[in-house]
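Visitor: These protein sequence lines map, in sequence, to chains A and B.
Under my numbering, the letters of the first sequence match residues 35 to 417, in that order.
Under my numbering, the letters of the second sequence match residues 35 to 417, in that order.
Would you mind keeping the following structure in view while I ask a few things?
Protein chains: 2
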Amino acid sequence: MDSNQTLPQIDLPLDLIHLGIGQPSSQLLPIKEMEKAAIHCLSKGNNFFLAYGEERGNSNFRETLAGFLSAQYPNKVDPGQLLITNGNSQALDFICTLFTSPGDTVLVEEPSYFLALKIFADHKLNLISIPVDDNGIVTDVLKKKLETLTPTFLYTIPTYHNPASVTLSFKRRQELVEICAKKNLLMVADEVYHLLNYSDDPPPPMGTWSNQCPLISLGSFSKIMAPGLRLGWMHTSVDLVRKMAGSGLLVSGGGFNPFVSEIVNSAICLGFLNTHIKRLKTIYSQRIKIFCTQLRMYLPDQAVFKVPKGGYFIWVKFPDSIDTNDFRKAAQEQNVDFYPGSFFSYKKGLKNYMRLSFAFYDEEFLAEGARRLGKVIMENENH
Amino acid sequence: MDSNQTLPQIDLPLDLIHLGIGQPSSQLLPIKEMEKAAIHCLSKGNNFFLAYGEERGNSNFRETLAGFLSAQYPNKVDPGQLLITNGNSQALDFICTLFTSPGDTVLVEEPSYFLALKIFADHKLNLISIPVDDNGIVTDVLKKKLETLTPTFLYTIPTYHNPASVTLSFKRRQELVEICAKKNLLMVADEVYHLLNYSDDPPPPMGTWSNQCPLISLGSFSKIMAPGLRLGWMHTSVDLVRKMAGSGLLVSGGGFNPFVSEIVNSAICLGFLNTHIKRLKTIYSQRIKIFCTQLRMYLPDQAVFKVPKGGYFIWVKFPDSIDTNDFRKAAQEQNVDFYPGSFFSYKKGLKNYMRLSFAFYDEEFLAEGARRLGKVIMENENH
Chain A
35 MDSNQTLPQI DLPLDLIHLG IGQPSSQLLP IKEMEKAAIH CLSKGNNFFL
85 AYGEERGNSN FRETLAGFLS AQYPNKVDPG QLLITNGNSQ ALDFICTLFT
135 SPGDTVLVEE PSYFLALKIF ADHKLNLISI PVDDNGIVTD VLKKKLETLT
185 PTFLYTIPTY HNPASVTLSF KRRQELVEIC AKKNLLMVAD EVYHLLNYSD
235 DPPPPMGTWS NQCPLISLGS FSKIMAPGLR LGWMHTSVDL VRKMAGSGLL
285 VSGGGFNPFV SEIVNSAICL GFLNTHIKRL KTIYSQRIKI FCTQLRMYLP
335 DQAVFKVPKG GYFIWVKFPD SIDTNDFRKA AQEQNVDFYP GSFFSYKKGL
385 KNYMRLSFAF YDEEFLAEGA RRLGKVIMEN ENH
Chain B
35 MDSNQTLPQI DLPLDLIHLG IGQPSSQLLP IKEMEKAAIH CLSKGNNFFL
85 AYGEERGNSN FRETLAGFLS AQYPNKVDPG QLLITNGNSQ ALDFICTLFT
135 SPGDTVLVEE PSYFLALKIF ADHKLNLISI PVDDNGIVTD VLKKKLETLT
185 PTFLYTIPTY HNPASVTLSF KRRQELVEIC AKKNLLMVAD EVYHLLNYSD
235 DPPPPMGTWS NQCPLISLGS FSKIMAPGLR LGWMHTSVDL VRKMAGSGLL
285 VSGGGFNPFV SEIVNSAICL GFLNTHIKRL KTIYSQRIKI FCTQLRMYLP
335 DQAVFKVPKG GYFIWVKFPD SIDTNDFRKA AQEQNVDFYP GSFFSYKKGL
385 KNYMRLSFAF YDEEFLAEGA RRLGKVIMEN ENH
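Set out below in structure tokens:
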């Protein structure tokens, strides 16, 4: 059993099991592989990646990344369609700077990734939500909203949704592309969990359609390698790559992360990324099995959730009469925590939900967390 | 003599000597040191820097950096006053996102760093300029302008100015701080060249006054180590650090560059940064000596410039009747290039200036560049 971890961004009381945290455990951060990759990259005698890089990312890395993605995806990825980023948070911020002005309307899903909502708030954007069901964003509602609204973009999490854990069906993907093409609506698809499937492959990533409607698909090494690298990519049209590469930020600073790109280039070429993703899938699958069994055992029957097919999250639904905020304090006192559903709604709805994650703790902690959580909820019900 | 270098962001014709380029030469990028630093950092058995980092930058790195800066500066730097960035371009972009709205007025110097102006344009800011003389920004003009204007911030390059090469005097620094305090005007001081002095130390960096007026001083490893690292820092008040660390971008993505920070932490602890800065100073001093001698020899007498005391640039002034854009094409045909003064003016003024840099080429190239440039200008005069 892992000891309770301390990672820089999170400062937890010693005995707390925080089931809300969506970060990989410390033992899943591949330090040995990064060391070998760094030596491989830095001992080659080249040093071009210490200079300002190409605005869109250095071409050798975009080629390696395109090759890697082409092997994972059903369709080939062209290096000319990639722009290297500092990860999806930075990519979202960059898109807001380039494409929006304060007061613009942006469509988000209900629920949506709560920290993306905070980035949009910093850009003073006006949010309107579209519901998500078991097949992802409800395209019929979107269509209806677009009869009266002209939003600047739509932010969607198509695969292994954060927090809802659902995946947009193939049919809905096609519909969504059609709608965006027809309405000239920019789709920003956060596909950060796409490569973390624990059973069948998901439908093709939205990037596949990037020539058929205005679309930027965001990928990241945060979930498949290490968040501290701050490295990700946009998969979009050649025209949008060109437009973004001409921004003041990129022309001034050069590509977003040339040094780390080159180390990760080595990690991919040495096969470490493939091996690491396989390892993550095995470990997360095992955790899900144990965690879901324990949750089923300890949570009351009206707490409903699906076993995740990928990604990081379990989205638990309680009866409408329940507000998960009501027992959060009691949970913390029992040394267990979660993120209440209202975090994932800019309107503070979804009060009868909670997000749990299995990324941060191993099986024994998850089992103990499930037991503590169940106890708190049962006690709360009896009050 | 170096062969003409190819670096990722710049794509030059084979025989061209482009004296405008403000990037370090390839042979000044310390690849061996970075390799040793990476091994030192990655073999220690820690991996916390692969996780999401503290929003303001990991504390161990901020402590190392504060120690390094305290040794360079006349005053002690507190780690609590530092926020780690991806370099000054990203820092400027971040400041614009957090503190401005489109249409806001921002004061810039005339001349100013042309790519900063492009970042401000992406944020749709309204620019107003304050002149710079031999002692830096003219505080009397600033004072006058502030009688009628309430700008969101002032962007200034106090030390070894880009492109004007001048340094704000100690007296003017105090005046500037007083003005900003009185008017509650945020000063954004780009101090990227502060540590690259080739004779006496410059006056204290503006960060020294960060508790006396609203002020963010920007520092970077781009000029003292390697641009490809995309690593820099803000030196500001504890309150502003806290405010910025609470932004959506940082809370979502964690600190801007935890992995590279830790490698640079090793580079500082191993003494590489100090040694490298010394080496840069020696090399740039030699280049300045040769280059300025050659420029004096080949340029017409009415071309006036001062020998730089630090930084990257020589700012050449021609008589008012001359527009340096007029002979740029002829220069390019003679395989020499420069940046015309109008690049550094959002109003496209300063046409009778040109910016030259000695960062990118070694002495022999610089001498040859000076010879070619002189020839073009002489021919242009005779037309």
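Idealized CB from N, CA, C, for every residue including glycine.
1) Within the same chain, show all residues whose beta-carbon is closer than 7 Å to that of Asn231/A, passing over the 5 residues directly before and after it, in chain order.
2) Run through DSSP, which three-state label would Gly305/A get?
3) What residues in its chain sit with their C-beta under 8 Å from that of Glu97/A, if we drop five residues either side in the sequence?
4) If we count the other Cβ atoms within 10 Å of its Cβ and call it buried at 16 or more, is Glu398/A buried or exposed?
5) Check whether the Cβ atoms of Ser244/B and Phe95/B sit closer than 7 Å, and answer yes or no.
6) Suppose you measure from the CA of Val370/B to the CA of Gln106/B; what does that come to, to the nearest Å?
7) Check for me: the beta strand (DSSP E) holding Met388/A runs from which residue to which?
8) Taking only three categories from DSSP, how would you classify Leu230/B?
9) Can you tell me whether Met278/B is helix, strand or coil according to DSSP?
10) Inspect the beta-carbon positions of Val222/B and Ile250/B and report whether they are closer than 7 Å.
11) Closer than 7 Å, Cβ to any Cβ of chain B: which residues of the stretch 63 to 85 of chain A, in chain order?
12) To the nearest angstrom, how far is the alpha carbon of Asn80/A from that of Ser59/B?
13) Is it right to say Ser300/A is buried, meaning 16 or more other beta carbons lie within 10 angstroms of its own, or is it exposed?
14) Going straight from the alpha carbon of Ala401/B to that of Phe325/B, what length do you get?
15) Listed in chain order, which residues of the stretch 250 to 265 of chain B have Cβ atoms closer than 9 Å to some Cβ of chain A?
16) To the nearest angstrom, how far is it from the Cα of Cys214/B to the Cα of Leu274/B?
17) Please classify Ile322/B: does DSSP put it in a helix, a strand, or coil?
18) Is the separation between the beta-carbon of Ile171/A and that of Leu141/A shorter than 7 Å?
19) Give me the Cα-Cα distance between Phe378/B and Thr131/B, rounded to the nearest whole angstrom.
20) Put Ile107/B into one of helix, strand or coil per three-state DSSP.
21) Taking 7 Å as the threshold (C-beta atoms), are Ala85/A and Pro261/B in contact?
22) Is it right to say Leu176/A is buried, meaning 16 or more other beta carbons lie within 10 angstroms of its own, or is it exposed?
23) Let me see if you follow: with CB-CB separation under 7 Å, is Lys152/A close to chain B or not?
24) Given a cut-off of 7 Å on the beta-carbon distance, is the pair Asn120/A and Asn291/A in contact?
25) How many angstroms separate the CA atom of Val166/B from the CA atom of Thr270/B?
26) I'd like the list of long-range same chain contacts for Glu415/B, defined as Cβ closer than 7 Å, with 5 residues on each side in sequence excluded.
27) Taking only beta-carbon atoms, is Glu88/B less than 7 Å away from chain A?
28) Find the nearest neighbour of Asp138/A within the set Asp156/A, Gln124/A, Ile356/A, judged by alpha-carbon distance.
29) For Thr134/B, is the classification buried or exposed, using 16 other Cβ atoms within 10 angstroms of its Cβ as the cut-off for buried?
30) Is Asp127/A buried or exposed, if buried means 16 or more other CB atoms sit within 10 Å of its CB?
31) Check for me: the beta strand (DSSP E) holding His269/B runs from which residue to which?
32) What's the gap between the Cα of Gly87/A and the Cα of Tyr189/A?
33) If distances are taken between C-alpha atoms only, which option among Lys312/A, Leu48/A, Leu41/A, Ile44/A comes closest to Gln368/A?
34) Do the CB positions of Pro374/A and Asn359/A come within less than 7 Å of each other?
35) DSSP state of Gly287/A, grouped into three classes?
36) Rounded to a whole number of angstroms, what is the C-alpha to C-alpha distance between Leu151/A and Leu63/A?
Guide: Result, derived from the coordinates:
1) Lys343, Gly344
2) Three-state result, Gly305/A: coil.
3) Cβ-Cβ distances below 8 Å link Glu97/A to Pro113 in the same chain, with the five nearest sequence neighbours on each side left out; the list follows chain order.
4) exposed
5) no
6) 37 Å
7) 387 to 391
8) coil
9) It is helical.
10) yes
11) Leu63, Ile65, Met68, Glu69, Ala72, Ile73, Leu76, Ser77, Asn81, Phe82, Phe83, Leu84, Ala85
12) If I take the Cα positions, the gap works out to 13 Å.
13) Per the 10 Å Cβ criterion, buried.
14) Cα to Cα, Ala401/B sits roughly 6 Å from Phe325/B.
15) Ser256, Met259, Ala260, Pro261, Gly262, Leu263, Arg264, Leu265
16) Taking the straight line joining both Cα atoms gives about 15 Å.
17) helix
18) no
19) 23 Å
20) Going by the sequence as given, residue 107/B is Tyr instead of Ile. In the structure shown, Tyr107/B sits in coil (DSSP, three-state: anything other than H, G, I, E or B).
21) Closer than 7 Å, so yes.
22) That one is buried.
23) yes
24) yes
25) 24 Å
26) Pro334
27) yes
28) Asp156/A
29) buried
30) In the assembly as shown, Asp127/A is a buried residue. Its beta-carbon has 16 or more other beta-carbons within 10 Å.
31) Where His269/B is concerned, the enclosing beta strand (DSSP E) starts and stops at 266 to 270.
32) 29 Å
33) Leu48/A
34) yes
35) If DSSP states are grouped into helix, strand and coil, Gly287/A belongs with the helices.
36) 27 Å
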